[in-house]
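For the sequence shown, the working numbering gives the first residue as 7, with consecutive numbering after it.
Reading through the structure tokens given below for one structure.
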Amino acid sequence: MIVAIDGPAGAGKSTVARLLAERLGFRYLDTGAMYRALTWLAMQRGVPLDQADRLAELAEAEPVRFDEAGRVFIAGVDVTASIRDSRIDRMVPVVARHPQVRQVMRVRQRELAEQGDAVIEGRDIGTVVVPDADVKIYLVANTDERARRRMSERPGIGADALATDLRLRDERDAINMRPAADAQQIDTTDLTAEDVVERIEELVRARRAAPSAAQ
Ligand code: DC
Numbered sequence: 007m008i009v010a011i012d013g014p015a016g017a018g019k020s021t022v023a024r025l026l027a028e029r030l031g032f033r034y035l036d037t038g039a040m041y042r043a044l045t046w047l048a049m050q051r052g053v054p055l056d057q058a059d060r061l062a063e064l065a066e067a068e069p070v071r072f073d074e075a076g077r078v079f080i081a082g083v084d085v086t087a088s089i090r091d092s093r094i095d096r097m098v099p100v101v102a103r104h105p106q107v108r109q110v111m112r113v114r115q116r117e118l119a120e121q122g123d124a125v126i127e128g129r130d131i132g133t134v135v136v137p138d139a140d141v142k143i144y145l146v147a148n149t150d151e152r153a154r155r156r157m158s159e160r161p162g163i164g165a166d167a168l169a170t171d172l173r174l175r176d177e178r179d180a181i182n183m184r185p186a187a188d189a190q191q192i193d194t195t196d197l198t199a200e201d202v203v204e205r206i207e208e209l210v211r212a213r214r215a216a217p218s219a220a221q
């Protein structure tokens, strides 16, 4: 079974997807980490971020890998911590925007999805990567709450800078950010991660009970 969790930055995807995967005993796949790792490597190697073909070649040559504990590797380097740097936050939408890069990533994401039960988080999982996912969720939250969550993840950055970053990222990500027509939208603004996970688990149970029924 595949559970797709999409939505904008700060809507709660990672926390919810990780917890849900743990509860269900599914693998957890963070597709944003793949774009982040590629951005990190391109910056390390001095590949200009506007050169789509070179970035796609790099993505092809150096596929992102995850270990059992969810650590992220590219070109043999553990980049789990470095890809959360605010410089990567700012530059990753530039890389993720190129269709050539998305094409390579999509193939890799599908390969990983085909390896069994998984909770997959991203922006275009329910629409493009796994359009036949068994359960599709689109998480949203209001802007203040999303900025507040970002602030607790990035304590070194001021509130104004974070709000600006979030707005710029939304603008840059917008092209890939739309819910699948058959996704269940959940507003997480006033919910705990536990609440959200429980709601999704209910949908998973319903899907298991009636596998061929529409959600
Ligand atoms: O979820 P995140 O912040 O780690 O995502 C990092 C970037 O990658 C963000 O700019 C959106 C982009 N992304 C994407 O375009 N498609 C995905 N499936 C996942 C992430």
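Built from N, CA and C at the ideal position, the CB exists for glycine as well.
Within this structure, are the beta carbons of residue i and residue j separated by less than 8 Å?
i: V141; j: I192; result: no
i: A62; j: V110; result: yes
i: T37; j: G128; result: yes
i: I80; j: W46; result: yes
i: D123; j: R211; result: no
i: I11; j: I126; result: yes
i: Q106; j: D59; result: yes
i: E159; j: T195; result: no
i: P69; j: R112; result: no
i: L118; j: V22; result: no
i: L64; j: V78; result: no
i: R178; j: R103; result: yes
Please classify residue i: does DSSP put it in a helix, a strand, or coil?
i: L197; result: coil
i: L55; result: coil
i: V101; result: helix
i: A15; result: coil
i: R24; result: helix
i: E68; result: coil
i: V78; result: strand
i: E177; result: helix
i: R129; result: coil
i: Q221; result: With a pLDDT of only 49 at Q221, under 50, the local geometry of the prediction cannot be trusted, and the value read off the model is given with reservation. Three-state result, Q221: coil.
i: Q190; result: strand
i: I89; result: helix
i: D166; result: helix
i: V146; result: strand
i: A139; result: coil
With hydrogens ignored, establish whether the beta-carbon of residue i is closer than 7 Å to any heavy atom of the ligand DC.
i: A27; result: no
i: T41; result: According to the sequence displayed, residue 41 carries Tyr and not Thr. Y41: yes, Cβ under 7 Å from the ligand DC.
i: D171; result: no
i: G128; result: yes
i: A199; result: no
i: T149; result: no
i: V98; result: yes
i: D179; result: yes
i: A58; result: no
i: I131; result: yes
i: R175; result: yes
i: G38; result: yes
Does the stretch 85-102 come within contact of the stretch 38-53, defined as at least 3 CB pairs closer than 8 Å?
yes
Counting pairs of beta carbons, one from the stretch 173-181 and one from the stretch 97-110, are three or more of them closer than 8 Å?
yes
Are the stretch 145-163 and the stretch 14-21 in contact at 8 Å, needing three or more beta carbon pairs?
yes
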